[in-house]
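Colleague:
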Amino acid sequence: MIARQFRYTTNQWSTILRNLHSSKHVHHLLDESPCSNPTPLYPVILPFDAFKRFKLLLKSGLLNAIDEVTLGLALKGSCGNSKQGTQVHKFVIISGIMSFVTVPNSLMNMYSKSGQFEKALCIFEGLHDPDIVSWNTLLSGFQKSEEALSLVSRMNLNGVAFDAVTCTTALSFCLDLEGFLLGLELHTLVIKSGLDSEVFVGNALITMYARWKRLEQARMVFDEMPNKDLVSWNAILSGYSQEDGYGLEAMWTFIEMVKQRIKLDNVSYTGAVSACSHQRNLEVGRQIHGLCTKSGYGKHVSVCNVLMSMYAKCEVVEDAKLVFRTMNEPNVISWTTMISIDEKDALHHFNKMRLDYVHPNDVTFFGLIHAITNGKLVEEGQMVHACCVKGSFLSESNVCNSLITMYARFELIQDSVKVFEELESREIVSWNALISGYAQNGMFLEAMRTFFFSSWGM
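Here our numbering is used: the first residue of the sequence shown is 569, the next is one more, and so on.
(1) Just the Cα atoms here: how many angstroms apart are Asn969 and Val952?
(2) If you draw a straight line from the C-alpha of Ser761 to the C-alpha of Ala818, how long is it?
(3) So, helix, strand or coil for Pro602, using DSSP?
(4) What is the rounded straight-line gap between the Cα of Leu757 and the Cα of Gly807?
(5) Distance, Cα to Cα, Leu945 vs Met678?
(6) Taking 8 angstroms as the cut-off, decide whether the C-beta atoms of Ile972 and Phe988 are in contact.
(7) Please give the ranges of any alpha helix (DSSP H) in the region 724 to 766, keeping only runs that are unbroken, at least 4 residues long and fully inside the region.
(8) Using only CA atoms, which one of Lys796, Asp887, Asp833 and Pro794 lies nearest to Gly853?
(9) Decide if the region 898 to 913 is in contact with the region 859 to 866; the criterion is three or more beta carbon pairs, one per stretch, under 8 angstroms apart.
(10) Quick one, which of Glu883, Gly727, Val997 and Gly751 has its alpha-carbon nearest Ser713's?
(11) Cα-Cα, which of Asn673, Arg893, Gly959 and Gly727 is closest to Leu706?
(12) Return the CA-CA distance between Ala1001 and Val985, expressed in angstroms with no decimal places.
(13) For the region 963 to 1022, which segments carrying the alpha helix (DSSP H) assignment without a break, of at least 4 residues, lie completely within its bounds, in sequence order?
(14) Within this structure, are the beta carbons of Asn795 and Val767 separated by less than 8 angstroms?
(15) Spatial neighbours of Tyr837 within its chain, please: C-beta separation below 6 angstroms, excluding the five flanking residues on both sides.
(16) Figure out for me which residue from Val931, Phe918 and Gly943 has the closest Cα to the Cα of Glu964.
(17) Counting C-beta neighbours from all protein chains within 10 Å, is the total for Lys831 16 or more, i.e. buried, or is it exposed?
(18) If you draw a straight line from the alpha carbon of Glu746 to that of Leu717, how long is it in whole angstroms?
(19) Pick out the complete alpha helix (DSSP H) segments inside the region 801 to 828, 4 residues or longer, and give them in chain order.
(20) Going by C-alpha to C-alpha distance, which of Glu948, Leu991 and Gly959 sits closest to His927?
(21) Note down, in chain order, each residue of its chain lying with its Cβ closer than 8 angstroms to the Cβ of Ser998, except the 5 sequence neighbours on either side.
(22) Where does Arg782 fall in DSSP's three states?
(23) Helix, strand or coil for Leu695? Go by DSSP, reduced to three states.
(24) Which same chain residues end up closer than 8 angstroms to Ala772 when comparing Cβ atoms and leaving out the 5 residues on each side of it in sequence?
(25) Enumerate in chain order the residues of its own chain whose CB-to-CB distance from Ile940 is below 8 angstroms, with the five nearest sequence positions on each side excluded.
(26) Applying the 10 Å Cβ sphere with the 16-neighbour rule, what's the burial state of Val885?
(27) Would you kindly work out how many angstroms separate the C-alpha atoms of Ala1007 and Asp983, rounded to a whole number?
(28) Relative to the C-alpha of Leu980, which residue among Ile996, Gly1010, Ser993 and Glu995 is closest?
(29) Can you give, in chain order, each stretch of the alpha helix (DSSP H) that sits fully within the region 898 to 934 and has at least 4 residues?
(30) Going by Cα to Cα distance, which pick from Asn873, Cys882, Met878 and Phe918 is closest to Asn896?
(31) Between the C-alpha atoms of Met876 and Asp910, what's the straight-line distance to the nearest angstrom?
(32) Going by the beta-carbon positions, is the gap between Met793 and Gly770 smaller than 8 angstroms?
(33) For the putative contact between Ala688 and Gly709, defined by C-beta atoms under 8 angstroms, what is the C-beta separation to the nearest angstrom?
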């Protein structure tokens, strides 16, 4: 049977399309019934999302309506979907629109966010005159700090004028000590170029100095910022709360946030509770817990996790358990904390965790093996060992070291030796665990021999 094609007038087309809510139906009609004058259809196609609009414009013959803005939006909508993005890229090549610098920038962004960074790099290298957006787009796509910092140096050598986005992105790659010198150079550049007045540049500097444990410099940047947002306050608060000896500074920062009526979020409460945890300040910790509950963050997973940790450190385990029971969706950190603080029921928590489809990590197994060792649960320990093998956790040194200790405590020293010998790399903690295991089992000659081997790095 031959399919019949209908030809509608432009007005009829517009009426039909306005009553369609699915781009699939529009595609079907365009296939079955060509429109001789498609231009008036553009307002009808416009409401569809960016990529669907691009496809409909292409199919309806409205090629003149596909400009760099349309392509940019279509590519933005295709981030994470390289199949769609590749279709747009093919049209760009055929149509010659690649000469507009905004189009290759959008293509680079799409490929970077779709896990195809090599294609983004290839497009960049083909640009005759990349603008600052091109450089920034490429920079933000790097995964490794050394590669990103190499590009920053290349930008500097090429005389590229850095903007706020460049500095913010570059500073995010300077968080490790390897980026220390470049981070200081960037800070100097930020001051010289007047970009230190930009809030998000200041936030990046605070985060960088806090990560380097240079909290005095972080505070100096914070104090000199003409404008601060919640991220600024959270950055300095988190910096203080993660370091021992800065608990009071963290608390004063949190109090100042409350005084200035800054709208606190889960990061703010997490930082404040962490500071109480470091100080083992139960009284203030309870007050902040009350604020969390009152503000609606009492069940937020990250806040609950630090509350559990604080109560455990303050030796109020029942309060930690109560926090856990109020959580809607505990994550791996929540379950791992429960396993660590409630050793008697550690196996129960571990099994419940797996029933809830939460995958354990190396810290989970470390805490579980420690609980099993203290409970002298030999069969359960062997079962957990099998789980570690199945989950490929024997590459984690903390798991293996705890297994060596466990078997030694169970007087199964040969099993300790077996785990030790299967280690890919032996650190001092592994050697010490085996030496202690021999000593605990009265095998002093083997302990001394292992000690000498460890000294020789064998």
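Just so it is clear, CB atoms sit at the ideal spot from N, CA and C, and this is done for glycine as well.
Modeller: Put simply:
(1) Straight through space, the alpha carbons of Val952 and Asn969 are spaced by roughly 14 angstroms.
(2) Ser761 and Ala818 have their C-alpha atoms some 31 angstroms from each other.
(3) At Pro602, the pLDDT of 47 sits below 50, so the modelled position is not reliable and the matter cannot be decided from this model.
(4) Just so you know, the alpha carbons of Leu757 and Gly807 end up roughly 23 angstroms apart.
(5) Looking at the two C-alpha atoms, the distance is approximately 53 angstroms.
(6) It is a contact, given that the beta carbons lie within the stated cut-off.
(7) As summarised for the region 724 to 766, the continuous alpha helix (DSSP H) elements at least 4 residues long and confined to that stretch are 732 to 740 and 748 to 760, given in chain order.
(8) Closest by alpha carbon: Asp887.
(9) The answer is no - the region 859 to 866 does not touch the region 898 to 913, with fewer than three Cβ pairs under 8 angstroms.
(10) Closest by alpha carbon: Gly751.
(11) Ranking the options by Cα distance to Leu706, first place goes to Asn673.
(12) So the alpha carbons of these two residues sit roughly 10 angstroms apart.
(13) Runs found: 965 to 977, 981 to 989 and 996 to 1008.
(14) A contact, by the Cβ cut-off of 8 angstroms.
(15) If we look at Tyr837 and ignore the five residues flanking it on each side, its Cβ neighbours are Cys860, Tyr865 and Val871.
(16) Glu964 has its Cα closest to that of Val931, out of Val931, Phe918 and Gly943.
(17) When all chains shown are included, Lys831 counts as exposed.
(18) A direct Cα-Cα distance of roughly 10 angstroms separates Glu746 from Leu717.
(19) 815 to 827, all fully within the region 801 to 828.
(20) Looking at the Cα atoms, Gly959 is the closest of the given residues.
(21) The residues are Ser965, Cys968, Asn969, Ile972, Phe988 and Leu991.
(22) Arg782 falls in the coil class under three-state DSSP.
(23) Coil, per DSSP.
(24) When the five nearest sequence neighbours on each side are left out, the beta carbons in the same chain lying within less than 8 angstroms of the beta carbon of Ala772 are those of Cys735, Thr736, Leu739 and Ser740, in order along the chain.
(25) Here Ile940 has Ala914, Leu915, Glu948, Gly949, Val952 and Met974 as same chain residues with Cβ atoms under 8 angstroms from its own Cβ, once five neighbours each way along the sequence are excluded.
(26) Exposed: under 16 other Cβ atoms inside 10 Å.
(27) About 15 angstroms.
(28) Ranking the options by Cα distance to Leu980, first place goes to Gly1010.
(29) Within the region 898 to 934, the complete alpha helix (DSSP H) runs of at least 4 residues fall at 900 to 909 and 914 to 923.
(30) Relative to Asn896, the option among Asn873, Cys882, Met878 and Phe918 whose CA is nearest is Asn873.
(31) Those two C-alpha atoms are separated by around 12 angstroms.
(32) The answer is yes: Cβ separation under 8 angstroms.
(33) About 5 angstroms; that satisfies the 8 angstroms criterion.
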